[in-house]
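Each remark here refers to the structure printed beneath this line.
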């Protein structure tokens, strides 16, 4: 699989109540525009959610720092300690592995599409043709 980090435009299908036993959380991608070419999704091969490695970011270090302030902590004699900022410790991205094509069977490929819920953006992160 070749790895990319290319922005793409994705059109999702209408919500469907009959999604099979895993009950996918949102409508699956139906089409995507990548490098000026429209690809039609023929099948969803896999779907999963990944969480970020929050322990390595600045936000995670602040939470794991035992000497620093904690949310709602108070210093002696009723003096409030500045509360730590509330941050999203587990950023997620939704990944869809899809089989897609542009025309006949000769142009089929398998693509990994990533949806970042924090800003609503899609990226093509992998391709196998």
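In the UniProt record's numbering, the protein residues as written are 1 to 129.
Think of the CB as a built atom: it goes at the ideal place given N, C-alpha and C, for glycine as much as any other residue.
Assigned secondary structure, residue i (DSSP; H/G/I helix, E/B strand, else coil)
{"i": "residue 123", "result": "strand"}
{"i": "residue 107", "result": "helix"}
{"i": "residue 32", "result": "strand"}
{"i": "residue 7", "result": "strand"}
{"i": "residue 59", "result": "With a pLDDT of 49 at residue 59, under the threshold of 50, the modelled position of this residue cannot be trusted; read the value that follows with caution. Looking at residue 59 - three-state DSSP - the assignment turns out to be helix."}
{"i": "residue 100", "result": "strand"}
{"i": "residue 129", "result": "coil"}
{"i": "residue 70", "result": "Below a pLDDT of 50, predicted positions are generally treated as unreliable, and residue 70, at 49, falls in that range; the measurement from the model is reported next regardless. Looking at residue 70 - three-state DSSP - the assignment turns out to be coil, as it is neither helix nor strand."}
{"i": "residue 114", "result": "strand"}
Beta-carbon proximity check, residue i vs residue j, cutoff 8 Å
{"i": "residue 95", "j": "residue 112", "result": "yes"}
{"i": "residue 128", "j": "residue 101", "result": "no"}
{"i": "residue 124", "j": "residue 48", "result": "no"}
{"i": "residue 41", "j": "residue 27", "result": "no"}
Inter-residue Cα distance where the pair is residue i and residue j
{"i": "residue 52", "j": "residue 93", "result": "8 Å"}
{"i": "residue 121", "j": "residue 4", "result": "15 Å"}
{"i": "residue 45", "j": "residue 91", "result": "24 Å"}
Endpoints, the beta strand (DSSP E) within which residue i is located
{"i": "residue 42", "result": "37-51"}
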